[in-house]
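Chains A, B, C and D are the protein sequences, given in the same order.
Here the first sequence stands for residues 222 to 373, numbered as in the working numbering.
Here the second sequence stands for residues 222 to 373, numbered as in the working numbering.
Here the third sequence stands for residues 222 to 373, numbered as in the working numbering.
Here the fourth sequence stands for residues 222 to 373, numbered as in the working numbering.
Every residue gets a Cβ at the ideal spot worked out from N, C-alpha and C, and that includes glycine.
Source: prediction; values computed, not measured.
Number of protein chains: 4
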Amino acid sequence: MARRYTAAMLKPCHAEARLRVRYAETDQMGVVYHANYLVWFEVGRVEMLRTFHLPYSRLEQEFDCMIAVAGAEVRYRSPARYDDEILVRTRLLAMRGPVLRIGYQVVRAGEDRLLCEGITTHVVVGRDMSKRLLPEPYRAAFQNLLTADLTA
Amino acid sequence: MARRYTAAMLKPCHAEARLRVRYAETDQMGVVYHANYLVWFEVGRVEMLRTFHLPYSRLEQEFDCMIAVAGAEVRYRSPARYDDEILVRTRLLAMRGPVLRIGYQVVRAGEDRLLCEGITTHVVVGRDMSKRLLPEPYRAAFQNLLTADLTA
Amino acid sequence: MARRYTAAMLKPCHAEARLRVRYAETDQMGVVYHANYLVWFEVGRVEMLRTFHLPYSRLEQEFDCMIAVAGAEVRYRSPARYDDEILVRTRLLAMRGPVLRIGYQVVRAGEDRLLCEGITTHVVVGRDMSKRLLPEPYRAAFQNLLTADLTA
Amino acid sequence: MARRYTAAMLKPCHAEARLRVRYAETDQMGVVYHANYLVWFEVGRVEMLRTFHLPYSRLEQEFDCMIAVAGAEVRYRSPARYDDEILVRTRLLAMRGPVLRIGYQVVRAGEDRLLCEGITTHVVVGRDMSKRLLPEPYRAAFQNLLTADLTA
């Protein structure tokens, strides 16, 4: 899995979200509870969409379309702690029909050391949970990103 | 507030829910994070409805009706800790039109000492968030409870 | 309770925290799950301390001192929704020995309408959970705030 | 990944935990928010230890030893919903020095259909976060499980 991550994230990320670790996110081990990184990945994902002026909320409201989570892989490298300022770097890795793959790197602001990295797989669905393609403006924006990466 | 709680809960509870403290529910203080007690109150509330064979899920699905939270008061007495077995004692305190008041006591199983107590206020609403009365089977069950308390 | 809130928050807040509603914070009612407002109050509290250059993390690390939650009262006025940009306005209301009272107002950025308001009561404790006074730099900063309010 | 899961969980699980989906665990998609399955995996893990009369809490308190999460892989098959009664089937997959691998299957009680499955990787650490072996009673119990599987 390690090699896949490295390969996936060698290129620059498509968006960077910033957040502050909340007390509620720690556990009695004195570090961030591991499930919260999945919440942060979602913060990163949403920020990536906002960067293209294509907010996720519009997808649900205007297009009646949702991006469901089909899979997740997380590698915990070094614990984040309460009050840390965190960057979530997000990168679209692939889009094949209704399936998206997105990669994440979590670091402390101003540091290079990786705290956590992961990949999520998504399926675009309608209200009835049946698969569908992403609506056009979103699809075009994603395709542009992937094409730009290939030619870079 | 203390007197109100005591008065409210002198009579036996209407339902008792049992749960085990999860690691995810602790924080770096080494105790249960305070917001989680509101989640446990909800577990107690739902258990009370199930006790009458009137599950909350049926209320949403069959009657298109939701019990929104309008207010909450919580007193933290003594911290719950990881892996504690917890009882949430729940009691319907009042029903006036679309407004419900419900009381809670949280204790460790097998102990008398109060860990936390609270009261939540609710408004029954439809899908459009406008106020409405509880559907009949629920309303009748609640009225029976309150009448039984008066005559006990 | 309503009157108390109004009286408490007539004066300007001592700090304002900004956050974006996360998908994880919504529930199937389509609005923010009510327990999360307590998490946001904490974000506001922590931001107030940071405003005085007295971060909460330093209190735990340097002074071995914690601000435990002893009580909370919340009034839910109007639901916050996914992706809303939220302001949490926080105000120190009182400090009596080891006891603090703090008030909160939650609004959508750019709007006046109150979504939620609340008061939390805290007890300053050491690692052994015994009551103690706030360490001096924190105590002085809080006292200054309260005095400034009286003379304003 | 799919093949690995199947292979891993062909044999019967080592423990089964039962839980009820909480309203707090749903999101506005009307299903359980995906990060909560990691919390449920932990409920399963803890239940497995309790089955051997070797609670996780004792590990932290008596042996000053923690089981940190180093990695997680999750496959979401079909959404769990509010009020569902859920079974989390847990199985120790491997122990190599300080590293553990544990597998999970999440189903609705009384149904065979898989809702979610996953694998977590753990490193046993001391308070200082340095790697160490599991304390003897835990180690022996785990070794017995793995040996029993081989000879079964």
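Contact check between the region 263 to 270 of chain C and the region 267 to 275 of chain D: fewer than three CB pairs, one atom from each, fall below 8 Å, which does not count as touching. For residue 334/A, DSSP assigns no beta-bridge partner whatsoever. Counting only the Cα atoms, residue 240/C lies some 14 Å from residue 336/C. Look at residue 325/B here: in three-state DSSP terms it is strand. Relative to the Cα of residue 235/B, the nearest Cα in the group 247/B, 300/B, 260/B, 323/B belongs to 323/B.
The region 356 to 366 of chain D makes contact with the region 270 to 284 of chain D, as at least three CB pairs between them are under 8 Å. Contact of residue 305/C with chain D is not assigned, every C-beta pair being separated by 8 Å or more. Put simply, the CB of residue 349/D is far from chain C, with every gap to its CB atoms at 8 Å or more.
For residue 277/D, DSSP records no beta bridge to any residue. Taken through DSSP and simplified to helix, strand or coil, residue 297/D comes out as strand. For the region 228 to 261 of chain D, the set of positions with a beta-carbon nearer than 7 Å to some beta-carbon of chain C reads 244, 245, 247, 248, 249, 251, 254, 256 in chain order. Under the 8 Å criterion on CB atoms, residue 294/A is classed as interfacial with respect to chain D. With its beta carbon less than 8 Å from one in chain B, residue 297/C belongs to the interface. Beta bridge pairing from DSSP links residue 344/A with 289/A, 320/A. Of the other Cβ atoms in all chains shown, fewer than 16 fall within 10 Å of the Cβ of residue 348/A; this residue is therefore exposed. By the rule that beta-carbons nearer than 8 Å mark a contact, residue 287/B touches chain C. Our two residues, residue 320/A and residue 298/D, have alpha carbons roughly 14 Å apart in a direct line. Residue 309/B is bridged by DSSP to 238/B, 327/B. Chain D places no beta carbon closer than 8 Å to that of residue 283/B, leaving this residue out of the contacts.
The beta carbon of residue 254/D sits closer than 8 Å to those of 246, 247, 248, all from its chain and outside the five residues before and after it, given in chain order. Taking 8 Å as the CB threshold, residue 291/D lines the interface with chain A. With respect to chain C, the C-beta atom of residue 327/A has no partner C-beta closer than 8 Å.
Of the candidates 330/A, 303/A, 256/A, 258/A, the residue whose Cα lies closest to the Cα of residue 279/C is 303/A.
Restricting attention to 365/C, 257/C, 237/C, the CA atom closest to the CA of residue 315/C is found in 365/C. Around the beta-carbon of residue 342/C, 16 or more other beta-carbon atoms lie within 10 Å, marking it buried. Distance from the CA atom of residue 305/B to the CA atom of residue 327/B, rounded to whole angstroms, is 12 Å. Scanning chain A for C-beta atoms nearer than 7 Å to the C-beta of residue 332/C yields nothing, as the closest lies near 17 Å away. Residue 354/B counts as exposed, since fewer than 16 other C-beta atoms from the protein chains shown sit within 10 angstroms of its C-beta.
Rounded to whole angstroms, the separation of the alpha carbons of residue 257/C and residue 244/C is 12 Å. Residue-level contact by beta carbon fails for residue 359/A and chain C, as no gap is shorter than 8 Å. Residue range 357 to 372 is occupied by the alpha helix (DSSP H) that includes residue 364/A. For residue 276/B, the residues of chain D that pass the 9 Å Cβ criterion are 304, in the order they occur in the chain. Membership of residue 258/A in the alpha helix (DSSP H) is indicated by the continuous run 257 to 272.
Shortest Cα-Cα distance from residue 330/C to any of 291/C, 368/C, 309/C involves 309/C.
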